[in-house]
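Quick note on my numbering: the sequence shown kicks off at 27 and runs consecutively. Accompanying notes for the structure given below.
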Amino acid sequence: MPVLPTRVDPRSEVYRVNYAAMLEQVRFLDAQLALARAGGGEKYVRRHRERGKLLPRERIELLLDRDAPFRELSPLAAWGTEFTVGASVVTGIGVVSGVECVVSANDPTVKGGASNPYSLVQKRKARWAE
């Protein structure tokens with residue numbers, strides 16, 4: 027494969043500063059995604075499990091074909107608002123019985139799975155993916 031020419035010098039001070047700043051932003055994003063995946067928090071996840079119920083990503087995993095990819099859409103929906111954990115809904119594109127589908131699951135660990143303005147927007151955006 028041919029190597030594309032570049033003027034970027036990975037040994038320069040500017041590159042190192044920019045690289046360090048980008049790594050910091052990536053770590054921040056990873057932390058925010060982890061918060062979104064945690065749902066309503068440990069207390070509500072534990073309560074949900076004690077009731078013998080599955081979390082939304084677990085339900086989606088059981089729905090999808092084995093070893094099929096799942097592309098989650100908008101995991102940080104509602105970020106920066108009072109609804110900070112993915113708008114209380116998990117949406118994405120996966121394969122069910124060999125057919126690509128848009129799937130959605132409310133997260134009951136976030137305010138009982140109640141819809142809010144952001145979850146409605148997220149579901150509407152998922153429909154556009156169809």
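Note that CB positions come from ideal geometry on N, CA and C, so glycine has one too.
- The three-state secondary structure of Leu89, taken from DSSP, is helix.
- Straight through space, the alpha carbons of Val29 and Ser123 are spaced by roughly 41 Å.
- One thing to note: Lys137 has its Cβ within 8 Å of the Cβ of Ser114.
- Bounds of any beta strand (DSSP E) do not take in Ala47; it lies within the alpha helix (DSSP H) bounded by Glu39 to Arg63.
- When only Cα atoms are considered, Ser130 and Arg85 end up about 10 Å apart.
- Bounds of the alpha helix (DSSP H) holding Glu68 are Glu68 to Glu76.
- Taken atom to atom, the span from the alpha-carbon of Val40 to that of Arg53 is near 20 Å.
- Straight across, the Cα-Cα distance linking Pro31 with Met48 is about 22 Å.
- In the structure shown, Val147 adopts helical secondary structure according to DSSP, grouped into three states.
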